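K.L.:
Going by our numbering, the first residue of the sequence shown is number 50, and it counts up by one from there.
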Amino acid sequence: MSTTADPTVGSGLGYEVFVSESIPLALPDRLPNGEGRTWAPISTTLVYGERDAVLIDPPLTAAQAVAVGDWVEAGGRRLTHILVTHAHGDHWFTADMLAGRFPGAQVTALAATIEQMHRALTARKSFWDKILPGQIPVSPVTAVPPDGNRIELENHELVLVDVGHSDTDDTGVVHIPDLHLVVAGDVLYNGVHQFLVESGGVGRDAWRKAIGVVEALAPRQIVAGHKIVGRGDDAARVIAETRRYLDDVDDLLPRHPTPEGFFNAMLDRHPGHINASSLWGSAQALYAGH
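1. Indicate whether V66 and V272 have their beta-carbon atoms separated by less than 8 Å.
2. Please classify A154: is it buried, with 16 or more other beta-carbons within 10 angstroms of its beta-carbon, or exposed?
3. Give every residue of the same chain whose Cβ lies closer than 6 Å to the Cβ of A334, excluding the five residues on either side of it in the sequence, and list them in chain order.
4. Would you list the one or two residues that DSSP bridges to D101?
5. Select from R173, L128, A259, S327 the residue whose C-alpha is nearest the C-alpha of P73.
6. Since T191 and A148 should fall inside the 8 Å C-beta cutoff, what is the C-beta to C-beta distance between them, to a whole number of angstroms?
7. Do I163 and T134 have their C-beta atoms closer together than 8 Å?
8. Pull up the distance between the alpha-carbon of T57 and that of D101, whole angstroms please.
9. Using 8 Å as the threshold, is the C-beta distance between I225 and V115 below it?
10. Quick check: the stretch 197-211 against the stretch 233-243, are at least 3 beta-carbon pairs closer than 8 Å?
11. Report the residue from A233, F176, H229, V298 whose alpha carbon sits nearest the alpha carbon of Y336.
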């Protein structure tokens, strides 16, 4: 587990990113290229001032949350909020656990995201607890929507922006104007194969619109929900690479009659990307609908 940091940008604020690295899944099958099944690395962002801090997108497993909590505690700042960008469990299942470790920290998300979080709990036993048995803590939904979809950190605004569908429904991003930063959840990816299971039909077009909303915020840095450890957060590159990935999906799907063919073609297009397990699960889902 590793951290990446960026210097404070003359505003009294700074941010750091903790990347919980890939973990093996309890799935018997292997990928067409022979690799085992894994969950993608997960980005958790700490935005901080002199005294206080806000945590964005807590990780998936209890072990990951302990490591993130130790990292937050080492910084010595008071944690005021835990923000959740979207309802996929790998970005919020440990929110209550971390809120318990840092009394006074309020779990916060968009109202529509909170509705999706309740729905996500119904899938926990049939999916999450099967692929990561015994590793995920109790995960009640304790999030509340912030007034005006914004919170304050030492007189600086953090704005939750509703961008609609990305790799799932009812997604938000966190815009920190004084840092020229967007913490984008799964709207943007950074060197990691994208989760396409919910991208069928008009899903990828909606995802492109969500990327456009982020781009219109004119960030200089974007923290992607899944990124390679140590890879920079340059906004223009992250946006361009995520768009190209979606375009390649649209290009290659009609060319390949099988999920194996699509999987291999996407690997050829994106040889530097990690966690091909996400791509294989996506391919299986996309071809199941054909």
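Glycine included, C-beta positions come from ideal geometry on N, C-alpha and C. Quantities reported herein were computed from a predicted structural model and do not represent experimental measurements.
P.N.:
Quick answer:
1. Here residue 66 corresponds to residue number 17 of the sequence shown, with the count starting at 1. Here residue 272 corresponds to residue number 223 of the sequence shown, with the count starting at 1. Result yes, Cβ atoms of V66 and V272 sit closer than 8 Å.
2. Within the sequence shown, residue 154 is the residue found at index 105, counting from 1. Burial call: buried.
3. Mapped onto the sequence shown, residue 334 falls at position 285. Only V246 meet the Cβ criterion.
4. The count along the sequence shown starts at 1 and reaches residue 101 at position 52. Paired residues: R127.
5. On the sequence shown, position 24 is the one that residue 73 refers to. Per the Cα distances, S327.
6. Your numbering for residue 191 matches position 142 in the sequence shown. Your numbering for residue 148 matches position 99 in the sequence shown. The Cβ separation is near 7 Å, so the contact holds.
7. For the purposes of this step, residue 163 is taken as the residue at position 114 of the sequence shown. For the purposes of this step, residue 134 is taken as the residue at position 85 of the sequence shown. Their beta carbons are not under 8 Å apart, which means I163 does not touch T134 by this criterion.
8. The residue you call residue 57 lines up with position 8 of the sequence shown. The residue you call residue 101 lines up with position 52 of the sequence shown. Bear in mind that the predicted position of T57 carries a pLDDT of just 49, short of 50, making it too unreliable to give a figure here.
9. Looking up residue 225 in the sequence shown gives position 176. Looking up residue 115 in the sequence shown gives position 66. No.
10. no
11. Within the sequence shown, residue 336 is the residue found at index 287, counting from 1. If we check each option's Cα against that of Y336, V298 comes out closest.
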